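J.: Let me begin by handing over the structure; questions about it come next.
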């Protein structure tokens, strides 16, 4: 196979990590723990910086988190990660005042190579439950999906009331297992709930594969975390979309496997898709290829507070050997943006600059000395707005 010419190697692949824990330590006296997982990456200096965190799952020792963590995977680099599980006891953003349940350290390469990575959590050298990390490459593009579901004739689960139902959506993994991707809020005391709109991406729901199976489970919420399964059914994005195209509404039967052996059992209620809206999400590359342009506009401060421009200590000091900060910034950003401007032109505002009585029809490339714009050969400044003294030179 011939090698590609002029095509740089792909720098990285985005992967998403789906997290769940089992048999966590129970640190709450009157209830169960409220776990959350924070993910950290080791920097070159050896310190840890937070990449992201899951949502907090209330009253659970076996949480499945719906919020995934997205990371750029680079094969050629060793990317050390730390997964730390906390019991959340307060609403503050800081985790320093929450109780540590356990943590593990590993490399992203280890996780990617195993695809389903399960390890014991450690707390003070002792095992404290396990964590499961499932990884999948993120497909690009996709759509935003809005789903409106309602339930009808659900089973009654509460002794002194009706059910408090909520839905949980899971997508099938490549190994046939399922990962929870969305969980909506429960509705109190009803057997015929109408849930608020669910909004999630097709990437999250099915990794942009409309045929990938989706598991929908309906639970009765309980304050102690022991949520009861009402029933479940399987579908796909393709089937959901086809159902919405039909004039008559389609109901999916909720099946509870524990009840299927009972005589005359048919279902535990039904779920109806009232509406679905799919909006295409365009990638940055698609916008550029579709004709989107980027106009680069820069403002340069010429106030006296920047110091004498003839002295090296001034931000406006000009030297061909040592470009000042303005020049470095203009080059770093300007060279990139100029390729996406239809005319390759840049607007420059020179603040607090007094301009000499000269024509604004600047021939060739204009260079504003001491302002850090020189030596950008393909930049054309179509006008300069200013109001203090500075020198403007012309380059043929």
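In full-length UniProt numbering, the protein residues as written are 1 to 396. Cβ coordinates follow ideal geometry from the N, Cα and C atoms, glycine included. All figures in this text were calculated on a predicted structure; none of them were measured in a lab.
1) For residue 134, is the classification buried or exposed, using 16 other Cβ atoms within 10 angstroms of its Cβ as the cut-off for buried?
2) Alpha carbon to alpha carbon, how far is residue 304 from residue 297?
3) Taking DSSP as the reference, what is the three-state secondary structure of residue 204?
4) I'd like to check one pair, residue 230 with residue 154: are the Cβ atoms closer than 7 Å?
5) Ordered along the chain, which non-local residues of its own chain (more than five positions away) have a Cβ less than 7 Å from that of residue 120?
6) Please list, in chain order, all residues of the same chain as residue 56 whose beta carbon is under 6 Å from its beta carbon, the five residues on each side excluded.
7) Verify whether the separation of the beta carbon atoms of residue 238 and residue 274 is less than 7 Å.
8) Scan the region 15-81 and note each continuous beta strand (DSSP E) run of 3 residues or more that stays entirely inside, going in chain order.
9) Run the CB neighbour count on residue 425, radius 10 Å, all protein chains shown included, and call it buried at 16 or more, exposed below.
10) Taking the continuous beta strand (DSSP E) assigned at residue 160, which residues delimit it?
11) When you compare each of 299, 79, 64 and 69 to residue 349 by their alpha carbons, which one comes out closest?
12) Quick one: which unbroken beta strand (DSSP E) runs of 3-plus residues sit fully inside the region 232-270? Chain order, please.
13) Judging by CA-CA distance, which residue of 281, 91 and 222 is the nearest neighbour of residue 159?
14) Label residue 145 either buried or exposed according to how many other C-beta atoms from any shown protein chain fall within 10 Å of its C-beta, with 16 as the threshold for buried.
15) Which term fits residue 165, buried or exposed, when burial requires 16 or more other beta carbons within 10 angstroms of its beta carbon?
16) How about the region 261-271 and the region 307-320: do they share at least three Cβ pairs that are nearer than 8 Å?
17) Give every residue of the same chain whose Cβ lies closer than 8 Å to the Cβ of residue 272, excluding the five residues on either side of it in the sequence, and list them in chain order.
18) Which runs of the beta strand (DSSP E) at least 3 residues long sit entirely within the region 84-160? Give them in chain order.
19) Among 245, 276 and 232, which one has its Cα closest to the Cα of residue 259?
20) For the beta strand (DSSP E) that contains residue 219, what are its first and last residues?
21) Straight-line CA distance for residue 124 to residue 46?
22) Let's test the definition: count the other Cβ atoms within 10 Å of the Cβ of residue 204 and tell me whether it reaches 16, buried, or not, exposed.
23) Need the endpoints of the alpha helix (DSSP H) that residue 333 sits in, please.
24) Which word fits residue 289, buried or exposed, when buried means at least 16 other C-beta atoms lie within 10 angstroms of its C-beta?
25) Measuring only the C-alpha atoms, how far is residue 39 from residue 99?
26) Nearest-angstrom Cα distance between residue 183 and residue 317?
27) What does DSSP give as the partner residues of residue 278 in its beta bridges?
28) Is any heavy atom in the ligand FMN found nearer than 6 Å to the beta carbon of residue 283?
29) Could you have a look at residue 286 and say whether DSSP puts it in helix, strand or coil?
30) In this structure, does DSSP put residue 319 in helix, strand or coil?
31) If you drop the 5 nearest sequence neighbours on each side, which residues of the same chain put their C-beta closer than 7 Å to that of residue 5?
T.: Quick look at the numbers:
1) buried
2) 23 Å
3) helix
4) yes
5) 127 and 130
6) 34, 36 and 88
7) no
8) 35-42, 48-53 and 69-73
9) As displayed, the chain neither begins before 1 nor continues past 396, which places residue 425 out of reach and without an answer.
10) From DSSP, residue 160 is part of no beta strand (DSSP E); its letter is neither H nor E.
11) 299
12) 251-253
13) 222
14) buried
15) buried
16) no
17) 149, 150, 151, 152, 249, 250, 251 and 252
18) 99-107, 116-123, 126-137 and 143-152
19) 232
20) 213-220
21) 21 Å
22) buried
23) 325-337
24) exposed
25) 16 Å
26) 58 Å
27) 145
28) You won't find the ligand FMN in this model; it holds no ligand whatsoever.
29) helix
30) coil
31) Residue placement at residue 5 cannot be trusted, given a pLDDT of 39 that sits under 50; what the coordinates show is reported in the next sentence. Here the set comprises nothing.
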